[in-house]
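Asker:
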Amino acid sequence: MAVWTNLTESDGGVEMIWSKKNSLKISDFSENIRRRRGSMVRQSKRRNLNRANPRNWAWIIIAGLLLCQGAIAADQRVAIFDYDDRVNDPNSLSFHIESKLKVMFAGMEVTQYSGRNDEAYSVGVLSEIEKEGFDLVIVLTSDALILAQHTLLRTPTLYSNVNNPLILGFRTLGPPGGNISGASYYIPVRKHLSVYKAIQPSLQRPGFIFDKNNHSRKAEVPEAREACTELGLRFDMEFIEDMGELQRAARALINRGADALIAASSGTIYENIGVFRDLADQAAVPIYSFYKNGVFNGALAALSSDYFRMSDELLIPMVRKVLIDKVSPGKMPAAFLKRNKLFINRSQAVKLGLEIPRRLLEQTAVEYIK
6 MAVWTNLTES
16 DGGVEMIWSK
26 KNSLKISDFS
36 ENIRRRRGSM
46 VRQSKRRNLN
56 RANPRNWAWI
66 IIAGLLLCQG
76 AIAADQRVAI
86 FDYDDRVNDP
96 NSLSFHIESK
106 LKVMFAGMEV
116 TQYSGRNDEA
126 YSVGVLSEIE
136 KEGFDLVIVL
146 TSDALILAQH
156 TLLRTPTLYS
166 NVNNPLILGF
176 RTLGPPGGNI
186 SGASYYIPVR
196 KHLSVYKAIQ
206 PSLQRPGFIF
216 DKNNHSRKAE
226 VPEAREACTE
236 LGLRFDMEFI
246 EDMGELQRAA
256 RALINRGADA
266 LIAASSGTIY
276 ENIGVFRDLA
286 DQAAVPIYSF
296 YKNGVFNGAL
306 AALSSDYFRM
316 SDELLIPMVR
326 KVLIDKVSPG
336 KMPAAFLKRN
346 KLFINRSQAV
356 KLGLEIPRRL
366 LEQTAVEYIK
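Oh and the sequence shown: position 222 is 227 in our numbering, straight run, nothing missing.
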């Protein structure tokens, strides 16, 4: 008769120890139990891993979201309205935005419109857009935004490539309510002046040239005056009504002691800096610009927002919130780039004997022109 002397578990299998009185061998039986238990454990682990692996679920969720997003976008229509006549320019901001939207939202219908630089024509186009029932309208330029506030009363609307919203009909830079918000290229005048003074430490009396017919002057004039006071600078200015008055304005400021000329936010000024650049060079007076195009036309430097980066980093995420998350534009604050780019005209810097401080170069993204 067999007698059990011990029974233990070892390494997941059963180890049976018999007394010497029993000659029955059970090694085969023990091995079978060990194999079956090991197989069951491995199968159970595989099933649990497959169920619990977060990567599997993550991919399933992502795939589902993409499918849902594609289905939503396929039924949606977006209009892009540019006040300026750039609808046939494939390198324009409006086509850049369209290409980004079509990559992000497969199947979306995007329609381009132009205001042809004409206010009456633009009002007519925007009124027709309102009737079309678009899911979203994107308006470009300050002029477009001003008109959109009076014509796009129901359609969700986002703006880009506009100046300070506070001078364009908005009472706050926070969530404005209603159906319109967006991204602005606006940079405070004090920030502009701080950069100019870093480049030109001797700066004492900046002379501003403002366009009397440009909406931006309503905010820029008092803001420039206040910024000069805060920075200990003497404020001076001249208004112009057309490019024919640029030389007169520049000469008047220089004769009154301006040691720098500043082209404010008006294409009439910064696109025609060449008209008065020789006059400024003869007096060794640097010209600065609120807009980067001024540097291409002869200004020494400009702190400017990159419209395309502003679109990618600020506008497109807002589009996503409107179309996918169903957030009203009126619940979104105005968006601004946190980091701007400094454009420098190298040949003008050499001509005027000015060096760009290393500290400024380390703190700011810089692009040299010429």
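Idealized CB from N, CA, C, for every residue including glycine.
(1) For L238 versus L198, is the C-beta distance shorter than 8 Å?
(2) Against chain D, with Cβ distances strictly below 8 Å, would Q81 count as a contact?
(3) On the DSSP letters alone, give me the boundaries of the beta strand (DSSP E) that F327 sits inside.
(4) Tell me where the alpha helix (DSSP H) around R230 begins and ends.
(5) Please report how far the alpha carbon of I102 lies from the alpha carbon of A288, in whole angstroms.
(6) At what residues does the beta strand (DSSP E) containing N166 begin and finish?
(7) Assess, as a yes-or-no matter, whether the segment 309 to 318 is touched by the segment 353 to 362 under the definition of 3 or more beta carbon pairs within less than 8 Å.
(8) In the DSSP assignment, find the alpha helix (DSSP H) that holds L312 and state where it starts and stops.
(9) Helix, strand or coil for E135 per DSSP?
(10) Alpha carbon to alpha carbon, what distance is there between G212 and I259?
(11) In chain order, what residues of the same chain lie with their CB nearer than 6 Å to the CB of K202, ignoring the 5 residues before and after it?
(12) Since E243 and I214 should fall inside the 8 Å C-beta cutoff, what is the C-beta to C-beta distance between them, to a whole number of angstroms?
(13) Are the beta-carbon atoms of N168 and S271 separated by less than 8 Å?
(14) So, are the CB atoms of G120 and D80 less than 8 Å apart?
(15) If I follow the unbroken alpha helix (DSSP H) through N260, where does it start and stop?
(16) Please state whether DSSP places D264 in a helix, a strand or coil.
(17) Just list the beta strand (DSSP E) runs in the segment 86 to 166, keeping only unbroken ones of 3 residues or longer that don't cross its boundaries, in chain order.
(18) Between A306, D330, E137, which has its C-alpha nearest L365's C-alpha?
(19) Using a Cβ-Cβ cutoff of less than 6 Å, which residues in the same chain neighbour K223 once the five nearest sequence positions on both sides are dropped?
(20) CA-CA distance, R159 and E228?
(21) Tell me whether R344 is buried or exposed, calling it buried when 16 or more other Cβ atoms sit within 10 Å of its Cβ.
(22) To the nearest angstrom, how far is the alpha carbon of Y118 from that of L141?
(23) With which residues is K346 paired in a DSSP beta bridge?
(24) Can you tell which of P170, V371, T273, E133 has its C-alpha closest to the C-alpha of L145?
(25) Looking at the unbroken beta strand (DSSP E) that takes in I292, where does it start and where does it end?
(26) I'd like the span of the alpha helix (DSSP H) that includes A203, first residue to last.
(27) Along the chain, where does the alpha helix (DSSP H) containing F281 start, and where does it finish?
(28) In this structure, does DSSP put M248 in helix, strand or coil?
(29) With a CB to CB cut of under 6 Å and the five nearest residues on each side skipped, what residues in its chain are close to R82?
(30) Can you tell me which of the three DSSP states P211 falls into?
(31) DSSP on I185, reduced to helix/strand/coil?
(32) Could you tell me which residues DSSP puts in a beta bridge with A354?
(33) Within 10 angstroms of the Cβ of P334, are there 16 or more other Cβ atoms? Answer buried if so, exposed if not.
(34) Excluding five sequence neighbours on each side, which residues of the same chain lie with their C-beta closer than 6 Å to the C-beta of V92?
Answerer: The relevant details are as follows:
(1) yes
(2) The chain labelled as chain D is not found in the depicted structure, where only one protein chain is given.
(3) Note that residue 327 corresponds to Val in the displayed sequence, not to Phe. Here V327 belongs to no beta strand (DSSP E); instead the alpha helix (DSSP H) covers 321 to 328.
(4) Its alpha helix (DSSP H) spans residues 222 to 235.
(5) 43 Å
(6) 162 to 167
(7) With a cut-off of 8 Å, the segment 309 to 318 and the segment 353 to 362 do not count as touching, because too few Cβ pairs lie within range.
(8) Inspection of the sequence shows that residue 312 is occupied by Tyr rather than by Leu. It spans 312 to 315 - the alpha helix (DSSP H) in which Y312 sits, taken as one unbroken run.
(9) helix
(10) 8 Å
(11) Cβ within range, chain order: L208.
(12) 6 Å
(13) Cβ atoms of N168 and S271: not closer than 8 Å.
(14) no
(15) 251 to 260
(16) coil
(17) 114 to 119, 141 to 145
(18) Ranked by Cα distance from L365, the first of A306, D330, E137 is A306.
(19) I172
(20) 33 Å
(21) exposed
(22) Each residue's alpha carbon lies about 13 Å from the other.
(23) S309, A370
(24) The candidate whose alpha carbon is nearest that of L145 is P170.
(25) Counting along the chain, the beta strand (DSSP E) containing I292 begins and ends at 292 to 294.
(26) 194 to 204
(27) 279 to 287
(28) helix
(29) E114, F139, D140
(30) strand
(31) strand
(32) Answer by DSSP bridge pairing: none, since A354 is not bridged.
(33) buried
(34) Q117, S119
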